[in-house]
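In this note's numbering, the protein residues as written are 11 to 289.
Even glycine gets a Cβ: it sits at the ideal position worked out from N, Cα and C.
Owing to the predicted nature of the structure, the values given are computational and were not obtained by experimental measurement.
A quick write-up on the structure given underneath.
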Ligand SMILES: NC(=O)c1ccc[n+]([C@@H]2O[C@H](COP(=O)([O-])OP(=O)(O)OC[C@H]3O[C@@H](n4cnc5c(N)ncnc54)[C@H](OP(=O)(O)O)[C@@H]3O)[C@@H](O)[C@H]2O)c1
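The following block contains the structure:
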């Protein structure tokens, strides 16, 4: 979706041309992003640069990944305007109580004045982390994070945050794939106005499953592309990771086809019986 010629890069994909999810407090996030866990060092930097050339406009990092500097440098060197890139990072739970120092240090590492989304990476050790959530909301209101959310939270833990503050997380980033599909859980998030962002789309997927293979053959795409497209067709944000140039490209090439209702339902069925409950 972008061409690179002789050192100059022409970007053909702007954020406004991509499918996005609306965030509760305003703003939008791309439905397809680039995961950066285990994307580090020189190879990681090159992979992030390539992702930006291909057209990804959401970069998912975390303080725990130890690569925020590479992410910041790749964005700066790419020439893509900062406001065109949606950057997510995450607070390690052991930093609960030190939110302000952490965001200041992470913004410096990322070489930016704000992140688009700051997530509590895991619930802190006691309860849902209401004091941390209050700090997150204050930091958002000061403009250091455009949106704030959580990761690896149950609906019960989210309700604890909402009961205490009246404010839902914009996003809950959770492990998600056809095999983990849970219609009731998705509906619980929708009812609260929370965007579901799925992680590890491939790690819990058998890419040779006949349902995925048949669907892939019907659309002349790969099973991996079907898995990513299935997320989009559910309105779930997906952040595949790869350091392989061909996969970085093909994982973003999922906008030229869509799945029919029957196909989505068959793929939902890989998640077992829980997906047939209404929520
Ligand atoms: N919030 C959390 O607690 C949490 C936890 C885990 C992950 N995450 C986020 O979610 C992102 C994605 O999850 P993940 O990294 O765990 O796993 P993933 O994206 O499901 O899988 C990555 C693995 O799949 C391979 N792969 C990539 N594209 C492929 C394709 N088209 N066909 C076949 N294999 C392919 C990659 O290999 P190569 O790289 O060798 O190509 C890598 O081994 C992470 O990078 C991170 O940003 C968040």
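(1) Pull up the distance between the alpha-carbon of residue 22 and that of residue 88, whole angstroms please.
(2) Beta strand (DSSP E) containing residue 155: first to last residue?
(3) DSSP three-state label for residue 279, please.
(4) Considering only heavy atoms of ligand 1, does any lie closer than 7 Å to the CB of residue 229?
(5) Which residues in the same chain have their Cβ closer than 6 Å to the Cβ of residue 38, if we skip the five residues on either side of it in sequence?
(6) Nearest CA to the CA of residue 267: which residue from 201, 225, 253?
(7) Give me the DSSP bridge partner(s) of residue 39.
(8) If you check the beta carbons only, do residue 137 and residue 104 fall under 8 Å apart?
(9) Considering only heavy atoms of ligand 1, does any lie closer than 7 Å to the CB of residue 143?
(10) Can you tell me where the alpha helix (DSSP H) with residue 54 in it begins and where it stops?
(11) Where in the stretch 234-275 do unbroken runs of the alpha helix (DSSP H), each at least 4 residues long, occur, reported from the N-terminal end onward?
(12) If you scan the stretch 80-124 from start to end, which runs of the beta strand (DSSP E) of 3 or more residues do you find wholly inside it?
Walking through what the data contain:
(1) For the purposes of this step, residue 22 is identified with residue 12 of the chain shown, where counting begins at 1. For the purposes of this step, residue 88 is identified with residue 78 of the chain shown, where counting begins at 1. With a pLDDT of 40 at residue 22, under the threshold of 50, the modelled position of that residue is not reliable, and the figure given next carries that caveat. One Cα belongs to residue 22, the other to residue 88, and the distance between them is close to 14 Å.
(2) Residue 155 sits at position 145 when you count from the first residue of the chain shown. That run of the beta strand (DSSP E) goes 155-161.
(3) Residue mapping note: residue 279 aligns to position 269 of the chain shown, counting from 1. DSSP, read as helix, strand or coil, puts residue 279 in helix.
(4) Here residue 229 corresponds to residue number 219 of the chain shown, with the count starting at 1. No; taking the cut-off as 7 Å, the Cβ of residue 229 has no heavy atom of ligand 1 nearer than that.
(5) As a working note, residue 38 is residue 28 in the chain shown. For residue 38, where only same-chain residues beyond five positions count, the Cβ hits under 6 Å are 30, 32.
(6) Position 257 of the chain shown, counting from 1, holds the residue named residue 267. Closest by C-alpha distance to residue 267, out of 201, 225, 253, is 225.
(7) Here residue 39 refers to the residue found at position 29 when the chain shown is read from its first residue. DSSP output for residue 39 lists 31 as bridge partner(s).
(8) Indexing the chain shown from 1 puts residue 137 at position 127. Indexing the chain shown from 1 puts residue 104 at position 94. In this structure, residue 104 does not lie closer than 8 Å to residue 137 by Cβ.
(9) Working through the chain shown from its first residue, we reach residue 143 at position 133. Distances taken from the Cβ of residue 143 to the heavy atoms of ligand 1 include none shorter than 7 Å.
(10) Numbered from 1 along the chain shown, position 44 holds the residue referred to as residue 54. Segment 51-64, the alpha helix (DSSP H) holding residue 54.
(11) Runs of alpha helix (DSSP H) with 4 or more residues, each lying fully within the stretch 234-275, are found at 255-262, listed in chain order.
(12) Along the stretch 80-124, the beta strand (DSSP E) occurs as fully enclosed runs of 3 or more residues at 96-101, listed in sequence order.
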